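Note sheet for the following structure.
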Amino acid sequence: MSPFFQFESDFVDSLRCIPMIVRYKLDTCGVKLKLHQWNKFSESDRQQTVDAPCSTEDEVRKYKELLHQLIEQRTGETATDLAIDENPSWNDAVNIPESVIQQAERVGVRITPKQWQTLTPIQRFVLIKLSRSSHENANFLPAVKEFQLVPV
Numbered sequence: 393m394s395p396f397f398q399f400e401s402d403f404v405d406s407l408r409c410i411p412m413i414v415r416y417k418l419d420t421c422g423v424k425l426k427l428h429q430w431n432k433f434s435e436s437d438r439q440q441t442v443d444a445p446c447s448t449e450d451e452v453r454k455y456k457e458l459l460h461q462l463i464e465q466r467t468g469e470t471a472t473d474l475a476i477d478e479n480p481s482w483n484d485a486v487n488i489p490e491s492v493i494q495q496a497e498r499v500g501v502r503i504t505p506k507q508w509q510t511l512t513p514i515q516r517f518v519l520i521k522l523s524r525s526s527h528e529n530a531n532f533l534p535a536v537k538e539f540q541l542v543p544v
């Protein structure tokens, strides 16, 4: 199974943008990775950040160390650490964030609580990230369709 989503298909071959699986891991380990830093990573570095596990406490620590090392080696910059949300909203299968509700309404979709509960944490993460006003949310509707929340 591919770690990438279909709506990312226009860039996953080259990994020119930071894929959602990596963004999910960044939020999990609390490291900010800027696009200019990502662009200095080698293809192998990028693939490593996609493939490296980041679920257990030990894996999260190792992933964070990997990012610090890659950012330092490839850019000469010091990685920026971010606070880690102990209860991120994507782990909440009951409450749909207001940003998701509003973005869904903008594209003519209603996501029900039952549908929200069926999503995996990374799918909820994706919809939350794509619904934020600071994000280019052109992929919100394709993601909703990919997650089978509306008829395709």
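Here my numbering is used: the sequence shown runs in plain steps of one and ends on residue 544.
Ideal placement from N, C-alpha and C gives every residue a C-beta, glycine not left out.
Since this is a predicted model, take the numbers as computed values, not measurements.
Count the other C-beta atoms from every protein chain shown that fall within 10 angstroms of the C-beta of residue i, then say buried if there are 16 or more, exposed otherwise.
i: Asp-402; result: exposed
i: Leu-427; result: exposed
i: Glu-464; result: exposed
i: Pro-411; result: buried
i: Asn-487; result: exposed
Have a look at residue i and residue j and give me their C-alpha separation to the nearest angstrom.
i: Glu-538; j: Gln-507; result: 13 Å
i: Glu-457; j: Gln-509; result: 33 Å
i: Pro-513; j: Gly-468; result: 33 Å
i: Ser-394; j: Gln-439; result: 12 Å
i: Phe-399; j: Asp-437; result: 22 Å
i: Arg-453; j: Ala-444; result: 11 Å
Report the three-state DSSP secondary structure of residue i (helix, strand or coil).
i: Asp-437; result: helix
i: Val-518; result: helix
i: Gln-396; result: In the sequence under discussion, the amino acid at residue 396 is Phe, which differs from the Gln named in the question. If DSSP states are grouped into helix, strand and coil, Phe-396 belongs with coil.
i: Phe-539; result: coil
i: Asp-405; result: coil
i: Thr-512; result: coil
i: Ala-530; result: coil
Report back the beta-carbon spacing between residue i and residue j to the nearest angstrom; my notes put them in contact at under 8 Å.
i: Thr-441; j: Val-414; result: 5 Å
i: Phe-397; j: Val-492; result: Not quite, the Cβ-Cβ distance comes to about 16 Å (not below 8 Å), so this is no contact.
i: Leu-459; j: Val-423; result: 5 Å
Sort out for me which residues DSSP pairs residue i with in a bridge.
i: Asp-473; result: Val-423
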